[in-house]
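Comments concern the structure below.
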Amino acid sequence: MERTAGPSAPATAPGDPEAARRRAERRAERITAGATELEQRLADLLRAGLAGAEQTGGGPWEETAARMVDAQAPGLASRVRELAAIPSSGPGWPVRLLEECALLHLLDRGWLHRERLPDSLAATVRSRVGLSTSADGPPVRDHWLVLAQYDTADARLTTRRVWLYGAETDRTVLLLSYGAAGRPPELALPVGLALEAEVSAYPDAGRRRVALGRRFAPPEPTRARPRGVTTSRATVRYGEALRDDPWLDSVPVVLDRVVPVPDGDGWQLADADGDTALPLARTTGGQPGLWRLVALSGGAPVTVFGECGHRGFAPLTAWPAGRGTAVPLC
Amino acid sequence: MTRTPAPTDTSAPTPTTVPWPSVVPTGSPPTDATAPPAQPRADTGTGAGTGPESDADTADSPPGADAVAGAGTGAQWAPPAEAGAQPVPGRPPAASGARTSGSGPGGVWEELVTSALLGTDRRTPPGGERGPGAAAVLLDAVAAETVRRRAGLRPARAAGRPDPAPEDPRPPLPEAAARRLTMLLTDRPGTAGGGRRGSAPDLMELLPQWLATANARGFAAPPQTLPALLDAARGRTDLRPAALKFAGPRALWLARLNPDWRFALRATPGGGAAPPGSGAMERARRLWAEGLFAERVALLAALRARDAVGARELLASTWATERAEDRLMFLDSLRTGLEAADEPFLEQALADRSRNVRATAAELLSALPRSALAARMAARAATCVSLDRTRTPPAIVVEAPHECDAGMERDGVVTKPPAGRGERSWWFGQLVEAAPLATWPARLAGRTAEEIVALPVSDGWQGELHAAWCRAAVRQRDGVWARALLGAPTAPDAGGPGAVSLAERAKLLGTLGAAERAEWVAGFIATHGLSEAFQLLGMCGVPWATPLGRAVVDALNIARDAGSYPWSFSGVMGLAERCLDPSEAGRLDGLLAIPDEPEDASPGAGGYWAEAFQRLVTTLRLRAAMAEELRAGS
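Sequence lines, in order, name chains C and F.
Each residue of the first sequence is one higher than the last, beginning at 1 in my numbering.
Each residue of the second sequence is one higher than the last, beginning at 1 in my numbering.
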């Protein structure tokens, strides 16, 4: 899952540019203070040892998260909140907590020294910290196929992710939209539709997130399918993407000719024409989605779109062998 | 931007090869023997930390930032510096070359984790220094290692694949019908909140009808709907046969992979009905000899339905060695397709060690009017019932048996009555119930069934006698007697607690043809209203015949005008939604308006009635659409 820092407010402030610049400076100073404080908090944790983190519970983290909200760094705040949940996340939690602490530390350092980073990486850091950016990339027109649409919700916000695949540009992009708690976001693009439209990229390094621009025709059902790759190629994609964004949890990938295979307590997607396989991530998609995928396959190769990352492969949509429309798994 | 060397863009950053945590099941060896966890790759160590851009500006800058910038000598992770790493797209892990072990990044990782767990105050991290700065140094190193490990993830070795699912030769469902099925399966009752149903149709209740239609048309289930179908069949046993038939062979393949769906394998022995043909009987014999109890019951029932003699012979072949409770269940399966040729086997079962087996055998024999047992029972029953011609009009006189002798007991008469019943009337009821109904016209001066039922019965025996005749008519499926015992639906005592209870009436209706049944219930509702009609309506065929449907709608309309609340009729309303002919929807439009409330009406009842009728009409329209969707494509 792509982590995000919440809805983006319009980046351009009203009034004269000088006032806007001063506001941006003040906000950067507050974030810097927040990041410095967070660094101290992480250092204290590591000096005392993670083994004790299970006992302390989430209270201190909640407080730190609130401090990050005060510092106007929502990206840092949500990462801190996720840290709080790790000690109760089952076996192996200390290593996961250590990894996430270290990546948070990396983000802090990235912010504190952003002026030394290459432009695109600095943009990624700003976005990860939670500074709103605007989709300023040039408009890209394509026939966009809806690969997946799914919602995640917390107490305040419902986040909808829509993955689109551009047949002509061979690009996979992400649309984000938001709804207030309990209410579905407005934008709805069900899987299996395609629309002729322009999108503009946000300035993050991966340039995967886009905003939807002009639409030239209403979405229509399509039998078009995205091109897929092997499991080996999928892991290489993730590795390559980490070079631009080390905080990336996963990348969107279409796997071609894979078979769901039970493996101990879990499942794999195995290449139909090889002996390699990707483990399925346990959390995303959920059991109903997994069984729909297994039923659709019936032991035969299928095409699967999903998010491939360090937790494994999270299937989101599948296409049967031969003809047949897309089946949402989430 | 100058820090990202362009030529390396095509090469994957592959610092270490680490399987996913979930790739290697705990307690098993690593799936990729050549890439054990935490083993470094030989071709990765050299590039790290010697990036082309390592320079002086790191002197006063924190290493973590350098890691992000990809420039620092202090950071172990610098993807652009991995130019020396071999590109590995498409290369399986087994071919990824030689590796070294020892002091590489893998070992470093273990030490980093240990330091982090214990705390840097107690344990100095590798390559770090003591003191307050140690924690930050540790985090730098861990950040670099984490990204390095993630970037180095490679696919696991594929596990053993299950055999593919068998082909389903049926034609695929039309697209609109497939969408409808998904809607029916995902509807959750009670999502509207509260106890009241509102005007939205209850989709789950329409599933049985949908499945019956789809099965009648012989469509195959869309594979992705199988999990929801199996879940629905698991939760509702009444849905199981139709749901499993529709789900087809792939559902059984799927059920073998998920313990929650084991029931599907039990319900269909040997993975579905064995195809007839050479060897079918041989397979049946093997399953009969080796199968589990439930599999054997299902096998016998399936076989009996298409080959009555074969099923009986199969059962007879092992009868003597079966356990008593199993014998009872097996014997019960002979109910299907019961025929005169079953008599010798059943006669022999009358001598069974188990009382329950004897009773069931006797019951089955008494349903064969020409059987020796039926003749014996007829003789016994006839001696208890006579016609007293001295009275005007003539009356039936009952003289119940004084004892239950050994012969009666052998023929299945249960000696001991239930608590609160006299034993003589208990024995009498069993004799009349088991005697062929043809006994009575002969015994009672050639009168017809109707005339016999109309005769008065002296000394308060009418209830006992008529109830026993009802049971006999149901058991012998005798429409003439059933009609006589039911009487006219408009008779005043038909609605009240007469000699024949509502439950008995419902069973009697079951022996009549569908049209006659509907007509009788329509007449009953027109006279007696809906309050007692639920059970009787349940016996009527779907969709309801036009006169019956109109009788129900008229009665609902009358109930509304009488000012009661609709939920007093929620049972009938629910039936009407599922059973009324969808073409009647147009006639209901007049009922959708909220009527003026009469003074004695329950407050707000009019609005609730309008809502209930709205749901009825919506459901009928939905059923019409469902049927139309399933007509397409065939």
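Backbone N, C-alpha and C define an ideal beta-carbon position, used for all residues, glycine too.
Counting the other Cβ atoms within 10 Å of the Cβ of residue 31 of chain C gives 16 or more, which makes it buried. In the three-state reduction of the DSSP assignment, residue 540 of chain F falls in the coil class. A distance below 8 Å between beta-carbons, with the five flanking residues on each side excluded, links residue 80 of chain C to the following residues of its chain, in chain order: 38, 61, 64, 65, 68 and 104.
Contact annotation: in the region 169-187 of chain F, no residue has its CB less than 7 Å from a CB in chain C. The C-alpha of residue 491 of chain F lies about 48 Å from the C-alpha of residue 263 of chain F. For the pair residue 543 of chain F and residue 620 of chain F, the Cα-to-Cα distance works out to about 11 Å.
By the rule that beta-carbons nearer than 7 Å mark a contact, residue 164 of chain F touches chain C. Under the 7 Å criterion on CB atoms, residue 224 of chain F is classed as interfacial with respect to chain C. Counting every other CB atom within 10 Å of its CB across the protein chains shown gives residue 528 of chain F a total of 16 or more, marking it as buried.
Among the residues of chain C, none has a CB under 9 Å from the CB of residue 603 of chain F; the nearest is roughly 33 Å distant. Along the region 247-280 of chain C, going in chain order, the ones with a CB nearer than 8 Å to a CB of chain F are 259, 261, 262, 263, 264, 265, 266, 268, 270, 271, 274, 275, 276, 277, 278 and 279. Distance between residue 389 of chain F and residue 341 of chain F, taken at the CA atoms: about 41 Å.
The CB of residue 153 of chain F comes closer than 8 Å to the CB of 235, 238, 239 and 310 in chain C, given here in chain order.
For the pair residue 506 of chain F and residue 462 of chain F, the CB atoms are not nearer than the 7 Å cut-off.
Residue range 74-85 is occupied by the alpha helix (DSSP H) that includes residue 74 of chain C. Counting only runs that start and end inside the region 320-405 of chain F, the beta strand (DSSP E) elements of at least 3 residues fall at 385-388 and 395-398.
The C-beta separation of residue 298 of chain C from residue 253 of chain F comes to about 7 Å, placing the pair in contact by the 8 Å criterion. According to DSSP, residue pairing for residue 268 of chain C in a beta bridge involves C:261 and C:279.
In the structure shown, the three-state DSSP call for residue 307 of chain C is strand.
Collapsing the DSSP output to three states places residue 231 of chain C in a helix. According to the DSSP assignment, residue 158 of chain C belongs to the beta strand (DSSP E) that extends over 157-166. Under the 7 Å criterion on CB atoms, residue 54 of chain C is classed as non-interfacial with respect to chain F. At least 7 Å separates the beta-carbon of residue 151 of chain C from that of residue 168 of chain C.
Straight across, the Cα-Cα distance linking residue 288 of chain C with residue 296 of chain C is about 12 Å. Interface annotation for the region 134-147 of chain F against chain C: 135, 136, 138, 139, 142, 143, 146 and 147, criterion Cβ-Cβ distance under 7 Å. Comparing alpha carbon positions, the residue from F:385, F:408 and F:405 closest to residue 397 of chain F is F:385. Just measuring C-alpha positions, the residue of F:539, F:622 and F:511 sitting nearest residue 521 of chain F is F:539.
Taking 7 Å as the threshold, the shortest C-beta distance from residue 117 of chain F to chain C falls below it. Nearest to residue 326 of chain F by alpha-carbon distance, out of F:305, F:628 and F:291, is F:291. Taking C-beta separations shorter than 7 Å and ignoring five residues to either side along the sequence, the partners of residue 312 of chain C in its chain run 278, 279, 280 and 281, following chain order.
Check the Cα spacing between residue 109 of chain C and each of C:85, C:98, C:93 and C:76: the tightest is with C:76. Shortest Cα-Cα distance from residue 107 of chain F to any of F:129, F:174, F:402 and F:142 involves F:142. For residue 112 of chain C and residue 126 of chain C, the gap between their C-alpha atoms comes out near 11 Å.
Selection C:70, C:261, C:219 and C:135 evaluated against residue 163 of chain F yields C:261 as nearest (Cα-Cα). In the DSSP annotation of this structure, the continuous segment of the beta strand (DSSP E) that includes residue 177 of chain C starts and ends at 171-180. Annotation: residue 203 of chain F has no Cβ neighbours in chain C at a cutoff of 8 Å; minimum Cβ distance is about 18 Å.
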